[in-house]
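Structure first, then comments.
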Amino acid sequence: MAIYDILNSIEDLRTDGKGICKFNGFLEDFLARIEDDEKKQEVYEVLKPLFEKDENLKIIENLHLNINKEAIANQIIRYKDAFKLPKGTIYVPYIVYGKFQDVQKAMILTMGGREEYIIAKALYYVISEPENEYEGTRNEIIALSVNKENIQRMLESSEDFFVNHTKAGIIQRRLDMKIFSSYEEMYKLAYDMGMYQQEHLDELLEQSDDCMLKINKIIAIWFLLKKFTYVQYMMDKNTLHRVHEDNVKKQRQVAKEKCDAIGFVSYSELWKLARKYR
């Protein structure tokens with residue numbers, strides 16, 4: 245199935261409370277729901293221009309994803325605590341999707357800047373894993389972050405993808421180059437994000453009203469950072485050719501080393517820390 249057909253068939257929590265997303269429907273209806281919500285004003289301001297360009301767009305909020313532990317990349321990453329996460333811990337904040345001249349396409353959106361762009365790409369790598377319900381749609385999806393300062397970048401990307409039918413890979417590489425100077429810069433930010441969690445665990449757990457929820461979120465972030473680091477490096481054909489002389493094994497070895505360098509604290513140790521604040 246193509247991406248619109250898959251997403252459009254997903255039930256949200258408004259139906260029977262058992263859906264795998266918070267909202268799934270027309271963007272116009274979603275904007276009406278959040279227009280007066282003070283906590284969602286930036287989301288409203290960011291998404292409204294998309295609706296003004298295309299009134300037929302649909303949107304999913306908080307789409308829950310599962311990790312396929314049998315996927316080769318996840319086996320290589322070997323972050324076993326991520327496989328213990330409850331279903332739906334990892335979710336895509338927003339997916340805008342539609343049909344465009346009989347072509348089905350979708351855009352993953354996270355709210356924020358450079359850090360959230362890395363998370364958006366990691367979510368794309370999860371949703372496009374083989375042997376899941378979205379298999380075969382990887383060329384129908386792009387991923388980006390957006391805030392009030394970079395709305396125009398989102399609009400230009402959506403125009404290229406939805407209207408001009410520019411290939412997803414081309415748009416994604418353009419976004420990479422606009423936001424970062426190199427893979428190494430992207431990797432350093434991912435590494436720093438993972439290190440920040442390690443160095444601020446006490447603070448993160450102390451501020452949380454629900455330690456289990458917070459621990460699961462911390463693990464999910466580490467997994468996404470590892471996922472991004474490994475897959476992003478493996479997908480870089482220029483690096484494969486220039487650095488590794490077309491030797492995939494060498495590229496995989498370096499990707500694994502970079503992934504492993506993003507440290508983590510075990511599930512059991514996180515709970516030991518959390519007990520101080522219960």
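The sequence shown stops at residue 522 when you use the numbering used here, and every number in between is there. All C-beta atoms, glycine included, are put in the ideal place defined by N, C-alpha and C.
- Looking from the CA of glutamate 272, the closest CA among Glu296, Gln319, Ile506, Glu501 belongs to Glu296.
- A residue is called buried once 16 or more other Cβ atoms fall within 10 Å of its Cβ, and methionine 351 is buried on that count.
- DSSP assignment within the stretch 356 to 405 yields the following whole beta strand (DSSP E) runs of 3 residues or more, N-terminal first: 385 to 390.
- Inclusion of lysine 302 and phenylalanine 270 in the CB contact set at 8 Å is warranted, their separation being smaller than that value.
- Cβ neighbours of aspartate 325 within its own chain (closer than 6 Å, five residues either side excluded): Ile463, Tyr511.
- In summary, methionine 430 is buried, with 16 or more beta-carbon neighbours lying within 10 Å of its beta-carbon over all protein chains present.
- Annotation: the continuous beta strand (DSSP E) that includes isoleucine 334 extends over 334 to 344.
- A straight-line Cα-Cα distance of about 28 Å links valine 390 and alanine 505.
- Secondary structure at methionine 421: helix, using DSSP grouped into helix, strand and coil.
- Assignment of beta-bridge partners to lysine 302 by DSSP yields Phe270, Tyr341.
- Residue range 481 to 486 is occupied by the alpha helix (DSSP H) that includes threonine 483.
- If you draw a straight line from the Cα of lysine 262 to the Cα of valine 492, it comes to about 43 Å.
- Of the candidates Val498, Tyr341, Ile250, the residue whose Cα lies closest to the Cα of tyrosine 427 is Val498.
- Counting along the chain, isoleucine 254 sits inside no alpha helix (DSSP H), nor does DSSP assign it H or E at all.
- Straight-line spacing of the CA atoms in aspartate 453 and glutamate 393 works out to 32 Å.
- By the Cβ criterion, the stretch 463 to 479 is in contact with the stretch 319 to 337, since at least three pairs of Cβ atoms, one from each stretch, lie closer than 8 Å.
- Excluding the 5 residues flanking it on each side, lysine 432 has no same chain C-beta neighbour closer than 6 Å.
- Counting only runs of 4+ residues, the alpha helix (DSSP H) found wholly inside the stretch 421 to 507 occupies 427 to 443, 445 to 450, 455 to 478, 481 to 486, 492 to 505, in chain order.
- Of all C-beta pairs linking the stretch 369 to 376 to the stretch 415 to 423, fewer than three are shorter than 8 Å, placing the two stretches out of contact.
- Non-local C-beta neighbours of histidine 409 in its own chain, meaning closer than 7 Å and more than five positions away in sequence, comprise Val347, ordered along the chain.
- With distances taken between CA atoms, arginine 258 lies nearest to Phe267 out of Met456, Tyr435, Phe267, Ala317.
- Histidine 308 and glycine 342 do not touch by the CB rule: their CB atoms are close to 21 Å apart, not below 8 Å.
- Using a C-beta cut-off of 8 Å, the stretch 475 to 495 makes no contact with the stretch 437 to 444, since fewer than three inter-stretch Cβ pairs fall below that distance.
- The DSSP-derived three-state label of isoleucine 352 is strand.
- Annotation: tyrosine 368 to leucine 484 spans about 21 Å, alpha carbon to alpha carbon.
- Under the DSSP assignment, lysine 262 falls outside any alpha helix (DSSP H); it carries neither an H nor an E label.
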